[in-house]
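In my numbering, the protein residues as written are 41 to 220. Ideal Cβ positions, reconstructed from N, Cα and C, are used throughout, including at glycine. See below for the structure under consideration.
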């Protein structure tokens, strides 16, 4: 599952702007503690990746959780990834799907694609190829290359099955005619 964790792209205020400009934990921490979702997200990324701080998945989960609950889609993806991979929390596909769903409903293309993968694989949800196609299609329409490729592969596979079916039907018909 490819769950990218990138810089937040949703400036909401001057403090959000400040949170985006720094990767210094000493500067981000007061903003995050004051409830700045972007600062919380950036701290989550820093602890998740070990950027400027020792890698600490539990702290990453804490900060992603704070920001995800505030509605930041990037944090919802990050938190979903932590639950998917079992980093800092026990592996829990249902919780991964929960957070991916939140981000996907906000239009986040990476969440939409990854939610489609979860439905396709039946991780955290029953296998549902219609929902898998729905979410992958939404991501593909917005330009997600992975979603476009997976949809293309599904279409190609169906075409091959159709061609084999038609060939076998034709072959069976020819065998039938020879028998007459």
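Cα-Cα separation between residue i and residue j, rounded to whole angstroms
i: residue 53; j: residue 76; result: For residue 53, the predicted structure reports a pLDDT of 35, less than 50, and the residue's modelled location is therefore unreliable. The matter cannot be settled from this model.
i: residue 83; j: residue 65; result: 7 Å
i: residue 93; j: residue 99; result: 11 Å
i: residue 179; j: residue 130; result: 28 Å
i: residue 69; j: residue 169; result: 42 Å
i: residue 199; j: residue 190; result: 14 Å
i: residue 107; j: residue 194; result: 35 Å
i: residue 205; j: residue 218; result: 20 Å
i: residue 164; j: residue 121; result: 13 Å
i: residue 143; j: residue 154; result: 10 Å
i: residue 147; j: residue 212; result: 48 Å
i: residue 172; j: residue 90; result: 33 Å
i: residue 215; j: residue 196; result: 28 Å
i: residue 136; j: residue 86; result: 20 Å
i: residue 208; j: residue 141; result: 42 Å
i: residue 95; j: residue 182; result: 33 Å
i: residue 201; j: residue 138; result: 34 Å
i: residue 103; j: residue 203; result: 51 Å
Selected residue, minimal CA-CA separation from residue i, among the options
i: residue 134; options: 92, 167 and 99; result: 167
i: residue 176; options: 87, 152 and 92; result: 152
i: residue 132; options: 124, 72 and 192; result: 124
i: residue 78; options: 210, 96, 91 and 109; result: 109
i: residue 73; options: 207, 192 and 105; result: 105
i: residue 185; options: 137, 150 and 88; result: 150
Test: residue i CB closer than 9 Å to a CB of chain D
i: residue 168; result: Judged by its chain identifiers, the structure shown contains no chain D, having just a single protein chain.
Presumed contact (8 Å Cβ cut-off) between residue i and residue j, rounded CB distance
i: residue 126; j: residue 101; result: About 11 Å; that fails the 8 Å criterion.
(message) With three or more C-beta pairs closer than 8 Å as the rule, is the region 100-117 touching the region 158-166?
(response) No, they do not touch.
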